[in-house]
Amino acid sequence: MAKSLGAGMPLSSMVGRAVLTDAAEPGGLGGIYADHSLACTAAHAVLEVIVEENLSTRADTLGRQLKKRLEHGLLLLVCSVHGNVIRFLFPLTIEPAVLDEGLDILEHALTHGAVAQA
Numbered sequence: 001m002a003k004s005l006g007a008g009m010p011l012s013s014m015v016g017r018a019v020l021t022d023a024a025e026p027g028g029l030g031g032i033y034a035d036h037s038l039a040c041t042a043a044h045a046v047l048e049v050i051v052e053e054n055l056s057t058r059a060d061t062l063g064r065q066l067k068k069r070l071e072h073g074l075l076l077l078v079c080s081v082h083g084n085v086i087r088f089l090f091p092l093t094i095e096p097a098v099l100d101e102g103l104d105i106l107e108h109a110l111t112h113g114a115v116a117q118a
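So the sequence shown is numbered by UniProt numbering: it starts at 1 and just counts up by one.
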């Protein structure tokens, strides 16, 4: 999350339930990327874009589109220590037709054995 939020600037972030995140005293959470004013400015601009372009709703829409495909047997995500995970990392601005095209290509490759195991 921090990489996207910082738009390439050094920034860290965390998300959690308030009961956990509010437990730390002010200044109790931090690290080498804390209080970087330029990174915070970049993050603020990113948050403005998320709100202005309604990307939360867009993420929900894309999630439903992807879930529909997953319900039809397409389960993917390739990474992890064992190389047995495929991750979906498409931008929230992707057009639905482009996402479908990519998923069609991936599904075809997996169905026809065109993907070799590393």
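Glycine included, every Cβ here is placed at the ideal spot set by N, Cα and C.
Using a Cβ distance threshold of 8 Å, P10 and A39 count as a contacting pair. Straight-line spacing of the CA atoms in D100 and E52 works out to 25 Å. Taking the Cβ atoms as the reference, L92 lies roughly 7 Å from L62, within the contact range of under 8 Å. DSSP places D104 in the uninterrupted alpha helix (DSSP H) bounded by P96 to T111. Within the same chain, Cβ atoms closer than 6 Å to the Cβ of R58 are found at L92, the five residues on either side in sequence being excluded. The three-state reading of DSSP puts R64 in helix, counting H, G and I together. For F90, same chain residues with a beta-carbon under 8 Å away, outside a window of 5 residues either side, are L62, L99 and G102 in chain order. If you look at S37, you'll find it in the alpha helix (DSSP H) that goes S37 to E52. In this chain, the alpha helix (DSSP H) harbouring V19 covers A18 to T21.
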